[in-house]
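Sequential numbering of the sequence shown, starting at 18, is according to my numbering.
C-beta atoms are modelled at their ideal positions from N, C-alpha and C, and glycine is treated no differently.
Only a predicted model underlies this, so the values are computations on that prediction, with no experimental measurement involved.
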Amino acid sequence: MTDPFGTEALRTSVLSAWRGSPTRFREDANAEEDLRLGGYRDRLLVELAQNAADAAGAEPGVLRITLVDGELRAANTGAPLTAAGVAALASLRASSKESGVGQFGVGFAAVLAVSDAPRVMSSSGGVEFSASRTRAEVPELASERGGDVPVLRLVWPVTETVPDGFTTEVRLPLKVELSLDDLASEVPDLLLALPGLRRVEVGSQSWERFVTSDGVVTVGSSRWLVERTVGELPAELVAGVEQRPQWTVSWAFPLEGELGEDVLHAPTPTDERLSLPARLIATLPVEPSRRRILPGPAAWSVLDAAAAAYPALVARVPAVERTALVPLPGFPLSEVDDRLRTAVIRELRTAEWLPLASGEWIAPARARVLDVGSEELVDLVEDALPGLLDAELSAPVHARALAALEVPRVTTAEVVAALTEVSGDPGWWHDVYAALSPLAEVDPDVREALASLPVPLADGRVVTGPRTTLIADEPLPGLRVVHPDAVHPLLVRLGAVEAGAAELLADPSLRENVARSLEDAEAGLDGLDLVETVLRLVDRASVRAGEEPWLGALALPDGSGEWHRADELLLPDSPLVGVLEADALPLLSKEVAESYPRSALVAVGVVDGFSVVVDDSPSGPDHDLADESAWWSSVPDEPRRVVAVRDLDLVADWPAALRLLASDPVTWRAVAESDGYTGWWIARYASLGGAAPRSYRLADASLLDGLFDVVPDVELPEHVLRAAGVRSSLEVLDDDDAEFVLDRLGDADRVVADAVVLRAYAALPEGDFAPPSRVRVLSGDVVDADDVVVLDHPWLLGVVPAARVLLADGSEELADLLDLALASEEFDGSPDHVGEVVAWSELGAVRMACELLEVSLPDGVVVVHEALVVDGSRVEWWMADGVPHAADTPEGLARALAWVCGRWGDRHAFAALITDPRAATLLG
18 MTDPFGTEAL RTSVLSAWRG SPTRFREDAN AEEDLRLGGY RDRLLVELAQ
68 NAADAAGAEP GVLRITLVDG ELRAANTGAP LTAAGVAALA SLRASSKESG
118 VGQFGVGFAA VLAVSDAPRV MSSSGGVEFS ASRTRAEVPE LASERGGDVP
168 VLRLVWPVTE TVPDGFTTEV RLPLKVELSL DDLASEVPDL LLALPGLRRV
218 EVGSQSWERF VTSDGVVTVG SSRWLVERTV GELPAELVAG VEQRPQWTVS
268 WAFPLEGELG EDVLHAPTPT DERLSLPARL IATLPVEPSR RRILPGPAAW
318 SVLDAAAAAY PALVARVPAV ERTALVPLPG FPLSEVDDRL RTAVIRELRT
368 AEWLPLASGE WIAPARARVL DVGSEELVDL VEDALPGLLD AELSAPVHAR
418 ALAALEVPRV TTAEVVAALT EVSGDPGWWH DVYAALSPLA EVDPDVREAL
468 ASLPVPLADG RVVTGPRTTL IADEPLPGLR VVHPDAVHPL LVRLGAVEAG
518 AAELLADPSL RENVARSLED AEAGLDGLDL VETVLRLVDR ASVRAGEEPW
568 LGALALPDGS GEWHRADELL LPDSPLVGVL EADALPLLSK EVAESYPRSA
618 LVAVGVVDGF SVVVDDSPSG PDHDLADESA WWSSVPDEPR RVVAVRDLDL
668 VADWPAALRL LASDPVTWRA VAESDGYTGW WIARYASLGG AAPRSYRLAD
718 ASLLDGLFDV VPDVELPEHV LRAAGVRSSL EVLDDDDAEF VLDRLGDADR
768 VVADAVVLRA YAALPEGDFA PPSRVRVLSG DVVDADDVVV LDHPWLLGVV
818 PAARVLLADG SEELADLLDL ALASEEFDGS PDHVGEVVAW SELGAVRMAC
868 ELLEVSLPDG VVVVHEALVV DGSRVEWWMA DGVPHAADTP EGLARALAWV
918 CGRWGDRHAF AALITDPRAA TLLG
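Listed below in structure tokens is the structure:
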């Protein structure tokens with residue numbers, strides 16, 4: 018058999034090396050195993066296709082994949098196998114390809130995933146590799162590794178023919194099951210990445226790669242817009258980078274559907290995950306496994322070149338679709354992804370590819386886009402806003418891409434500000450209003466920004482803001498009437514008003530007359546004509562109460578003919594007559610009240626019922642409400658909204674007032690509002706039976722007996738009484754309420770049950786209220802607080818007089834709140850006599866009690882005294898230096914036991930069971 022590639026010499030060299038150094042054999046076996054199991058384990062078709070593309074040369078080649086008699090065969094056109102190629106195949110460390118990547122380099126190790134006897138047939142000759150023949154050559158070395166040998170190191174000549182039309186065929190006897198369908202799924206991506214192939218056949222299926230003159234590449238049913246560029250690495254970056262300086266970069270953008278998450282192709286797929294909208298196919302330096310690029314200046318240089326080419330790809334897409342190619346903000350999928358995204362954004366920001374409204378192009382770094390725009394508006398304002406992008410780019414679909422490019426969005430407020438510098442004729446302003454009108458219809462923020470729009474007036478002036486202008490058939494001297502050529506419905510929507518009753522009311526001269534009407538009336542001038550004019554206009558304009566506060570200054574006569582401000586008068590038949598203090602508000606003249614609609618009188622401020630103040634953005638207690646500052650400081654957080662009933666301090670008949678307040682949903686919401694001013698004020702300052710509502714309790718709130726009196730029968734339903742502050746439970750709301758409750762507790766004339774006192778002291782909130790001067794103690798008395806202590810240790814109760822112990826569950830926090838001393842700070846002592854030290858486990862009754870209550874028996878001891886005396890006082894139990902002492906009684910032992918067990922609440926149960934340690938005691 019002929020040996021055209023000198024395989025015998027190759028085998029002799031390898032065998033000599035192995036036999037001379039078994040270590041070399043193991044190194045080769047390990048290296049091949051790493052390639053087989055690691056870098057090339059799932060790249061069979063990729064490497065076969067890459068080799069075929071490298072062999073094709075200048076003319077794109079064809080690759081055919083078939084299954085024949087249990088062999089996978091890959092036939093390709095192009096250059097035949099050479100001696101250098103065979104040497105490369107038989108070397109784990111070398112490659113014959115100086116043109117880049119592929120043709121029979123270490124990537125050929127991918128075939129070992131499916132075969133251990135690969136053959137390569139070519140028109141120039143053939144070779145084969147074989148695991149079995151290699152084991153036969155070195156049986157001793159093979160046995161050391163259990164028969165596992167490097168397959169691609171020993172090569173033998175073989176003579177077989179190549180299929181017609183092809184120059185080379187790789188034949189792989191399969192050792193595993195393999196589906197051609199699995200390989201077929203990889204073909205479209207490979208054809209896109211490998212321009213050296215024009216056709217790939219897998220079994221009965223085939224795919225071709227077509228390139229049109231406009232750079233669109235079609236592979237099967239998919240179409241890609243491809244931008245390709247080439248270059249050469251600087252000399253200083255070439256060393257070690259696959260022996261060649263040339264690089265090629267191709268960007269491929271799918272024309273049907275989104276790309277989704279992808280990987281870098283170099284040019285075949287790597288494991289470098291990318292998140293760009295287009296696929297990058299580039300000849301980058303890669304690791305031997307071809308899964309990762311080789312980080313370094315050479316790789317970064319090519320990536321920078323790829324980023325520089327990206328704007329050219331973008332520029333080939335229709336203008337309004339180009340933002341689809343902008344990488345959107347997100348977490349990078351890899352270091353390469355991060356570097357590439359950053360570089361692409363940098364290049365896109367400085368290249369001119371975004372469409373201006375004028376049809377020219379601009380770089381994102383110099384562009385801006387209307388936040389809410391239309392084509393008409395952009396055309397009108399582009400001169401005032403240089404760099405303004407085409408109106409279609411204002412659509413939300415482009416927003417994220419433009420934000421990634423740092424293109425500033427021009428708000429409507431900024432458009433308005435720019436328009437203030439423009440001198441346009443009234444007709445041009447009309448067109449501007451027409452362009453802005455659709456935006457104002459749907460966006461309240463736009464309407465707010467348009468409040469400062471310039472408006473041309475009929476007298477030649479241009480004023481800021483439509484809200485102060487009038488639209489009238491005839492210009493009125495001194496009034497801000499819009500020029501008729503500029504009139505547009507948008508101005509009305511933004512506050513300009515058509516001349517009518519409301520406009521006349523807004524006339525500054527009329528407002529001046531109203532403001533000085535009381536002064537004129539008191540000077541003797543006739544004010545009835547002004548009253549007639551204003552009230553008729555108010556009625557025609559349907560002005561509602563509170564809409565025009567300045568009308569409250571209108572002078573109106575009372576029943577005696579004396580003139581007053583309208584908002585200081587009460588309607589003669591108002592439901593507040595008799596509810597408010599008699600001299601609180603004078604009554605409006607009956608003649609005037611009967612001459613004009615009630616709604617008009619109320620609109621100018623005449624009082625008819627309780628009025629409500631509403632402030633959605635309060636800045637402080639400045640609403641002219643009685644005691645408002647005290648309420649403001651009492652709430653936990655500053656009020657974000659104020660809804661309050663006015664003039665509560667003028668009420669004389671509170672039951673009647675509360676009925677009125679409850680009958681009106683508006684005022685009732687103010688009363689019932691949580692932490693609101695109205696309920697707060699009524700609870701403290703209203704009068705029911707001569708006392709504030711919070712001084713009382715509901716009749717069924719018996720747990721408050723003694724501390725609060727039952728509310729008198731004022732014929733009000735319970736829900737109204739609750740809202741007014743009458744108590745249904747023991748709840749202390751704030752510092753002021755705490756002081757109120759403490760005053761009640763310190764009132765010796767009140768008979769308050771111990772249980773109520775305990776709950777009252779426990780309900781006190783943390784705050785900054787004044788400590789009480791008198792408190793209730795265990796003896797039931799009310800005494801000066803100076804002599805009272807808070808019981809912080811229960812055993813001290815035996816030595817502290819009951820008249821000095823606060824009637825409360827003791828704690829350091831409560832002592833701080835009430836400014837009282839702790840009992841432990843003033844009382845201390847030790848047992849007067851030595852007792853008997855007894856382990857708890859030795860006390861039978863104690864042991865049985867613990868068992869019945871399922872309590873673990875304490876490990877320590879107790880000192881038992883026949884009679885326990887501390888500093889002359891006989892006590893049931895005591896704690897001294899952490900050691901419990903107890904009188905030899907059930908009560909003493911029970912208390913000491915409960916304390917050391919942490920079951921103080923069970924002390925009475927312990928006492929009963931120590932007395933009679935039977936289940937009947939527990940169950941009975």
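Closest Cα partner of residue i within the set the options
| i | options | result |
| --- | --- | --- |
| residue 344 | 29, 321, 293, 923 | 293 |
| residue 143 | 134, 175, 156, 383 | 175 |
| residue 211 | 151, 172, 167, 79 | 79 |
| residue 929 | 919, 916, 907, 922 | 907 |
| residue 200 | 609, 269, 84, 183 | 84 |
| residue 613 | 646, 549, 439, 656 | 549 |
| residue 105 | 454, 172, 61, 307 | 172 |
| residue 501 | 284, 476, 522 | 476 |
| residue 573 | 552, 593, 557 | 552 |
| residue 442 | 128, 397, 709 | 397 |
| residue 740 | 773, 696, 750 | 696 |
| residue 427 | 417, 516, 402 | 402 |
Whether residue i touches residue j by CB criterion (9 angstroms)
| i | j | result |
| --- | --- | --- |
| residue 678 | residue 662 | yes |
| residue 703 | residue 595 | no |
| residue 681 | residue 725 | no |
| residue 588 | residue 667 | no |
| residue 940 | residue 927 | no |
| residue 137 | residue 89 | no |
| residue 853 | residue 880 | yes |
| residue 446 | residue 503 | yes |
| residue 278 | residue 310 | no |
| residue 576 | residue 534 | no |
| residue 63 | residue 285 | yes |
| residue 470 | residue 483 | yes |
| residue 161 | residue 312 | no |
| residue 900 | residue 877 | yes |
Three-state secondary structure assigned by DSSP to residue i
| i | result |
| --- | --- |
| residue 246 | strand |
| residue 927 | helix |
| residue 682 | helix |
| residue 713 | strand |
| residue 369 | coil |
| residue 484 | helix |
| residue 42 | helix |
| residue 89 | strand |
| residue 299 | strand |
| residue 946 | The structure shown does not extend to residue 946, since the chain spans only 18 to 941, so no value can be given for it. |
| residue 851 | coil |
| residue 469 | helix |
| residue 505 | coil |
| residue 37 | helix |
Neighbourhood of residue i by C-beta distance below 7 angstroms, restricted to the same chain and skipping five residues each side
| i | result |
| --- | --- |
| residue 844 | 813, 816, 817 |
| residue 756 | 786, 787 |
| residue 360 | 320, 321, 324 |
| residue 494 | Only weak support exists for where residue 494 lies, its pLDDT of 40 falling under 50; the value from the coordinates is given anyway. If we look at residue 494 and ignore the five residues flanking it on each side, it has no Cβ neighbours. |
| residue 209 | 234, 236, 241, 269 |
Sequence-distant residues of its chain with Cβ nearer than 8 angstroms to residue i (five each side left out)
| i | result |
| --- | --- |
| residue 457 | 463, 464, 467, 507, 510, 511 |
| residue 744 | 711, 713, 714, 715, 718, 721, 725 |
| residue 165 | 46, 50, 159 |
| residue 567 | 528, 531, 532 |
| residue 974 | Outside the shown range of the chain, which is 18 to 941, sits residue 974, and nothing can be said about it. |
Spatial neighbours of residue i in its chain, beta-carbon cut-off 6 angstroms, leaving aside the 5 residues before and after
| i | result |
| --- | --- |
| residue 706 | 729 |
| residue 10 | Nothing can be reported for residue 10: it is not among the residues displayed for the chain, which extend from 18 to 941. |
Which parts of the region 514-557 are runs of the alpha helix (DSSP H), unbroken and 4 residues or longer, counting only runs that do not cross its ends?
With a minimum length of 4 residues, the continuous alpha helix (DSSP H) runs that stay inside the region 514-557 are 518-522, 525-532, 534-539, 545-557.
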